[in-house]
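Report on the following structure.
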Amino acid sequence: MNGAERDDDAANHVSQLIISELKSYEVNIKILELRKEVVASCLGCFSCWFKTPGICVINDVGRDITRMLVHSDLVIFISPIVFGGYSAELKKALDRIISYLNPDLMKIQGEVHHKPRYSNRFSLIGVGISEDDNNENAQIFTNLIKRNSINFHCKSQSSLIINNKETATEIANHIKSILEKSFGGEDINV
933 MNGAERDDDA ANHVSQLIIS ELKSYEVNIK ILELRKEVVA SCLGCFSCWF KTPGICVIND
993 VGRDITRMLV HSDLVIFISP IVFGGYSAEL KKALDRIISY LNPDLMKIQG EVHHKPRYSN
1053 RFSLIGVGIS EDDNNENAQI FTNLIKRNSI NFHCKSQSSL IINNKETATE IANHIKSILE
1113 KSFGGEDINV
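Going by the numbering used here, the first residue of the sequence shown is number 933, and it counts up by one from there.
Take a look at the structure:
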């Protein structure tokens, strides 16, 4: 999921490098450029939990995003780092996938989280693009990916912080490295 805002050349470039590297793994790739989609804001009605379990009442690409998560082995979030978090486009899409979870609660390492609704577990990679060398924002982004991976009951998680001052070769090497670790030689859907 590419959460780049309009005219975000750095995030779009990173997305293209990731796609190029993924093609070498011969996997099924579904690219979702959120800025090109109409994703309504979550209504907060919780109908996706109680009235239409697992299905958002808003019939737009938000439903498709949840469906894609259910059938993916690896999900990659690409986003400019905004105050340590995701872009507005990616955050809006993530708000809409609450239907991926069950409203019932469980404890995970002493914390209360929602139970999973589906048996599939995907691995999560968060790729944050930074405009500067702000280590605090990078650490917040990395922690956000870790926390989201717990909430989504992911198999594994990793994050990659890319400073847009890096060369294309450096960025490509970072991407290759993180994908090699994530794939581990398995066939997966991305």
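For glycine and all other residues, C-beta sits at the position ideal for the given N, C-alpha and C. For clarity, every value in this text was computed on a predicted model and none was experimentally measured.
Straight-line Cα distance separating residue j from residue i
i, j, result
"I1120", "S1114", "Here I1120 scores only 48 on pLDDT, less than 50, and its place in the model is too uncertain to base an answer on."
Boundaries (first-last residue) of the beta strand (DSSP E) holding residue i
i, result
"E1021", "That residue, E1021, is in no beta strand (DSSP E); its alpha helix (DSSP H) goes 1020–1027."
"F1009", "1006–1012"
"L966", "Counting along the chain, L966 falls outside any beta strand (DSSP E), and DSSP gives it neither H nor E."
"N1095", "1089–1095"
Extent of the continuous alpha helix (DSSP H) to which residue i belongs
i, result
"L975", "Unbroken run through L975: none, as it is neither H nor E."
"V946", "941–955"
"S1031", "First-last for S1031: undefined, no H or E at that position."
For residue i, the three-state DSSP class (helix, strand or coil)
i, result
"D996", "helix"
"K1039", "strand"
"K1113", "helix"
"I1082", "helix"
Cβ separation of residue i and residue j, assumed to be a contact under 8 Å, to the nearest whole Å
i, j, result
"I997", "L964", "7 Å"
"L1001", "I1029", "6 Å"
"G1058", "I1077", "3 Å"
"E1068", "N1096", "Contact flag wrong, Cβ pair sits at about 17 Å."
Contacting residues, own chain, Cβ-Cβ under 8 Å from residue i (five flanking each side not counted)
i, result
"M933", "L964, L966, I997, V1007, I1008, F1009, I1010, L1022, A1025"
"L1037", "V1044, H1045, H1046, K1047"
Spatial neighbours of residue i in its chain, beta-carbon cut-off 7 Å, leaving aside the 5 residues before and after
i, result
"L949", "I1103, A1104, I1107"
"D992", "V970, V971, A972"
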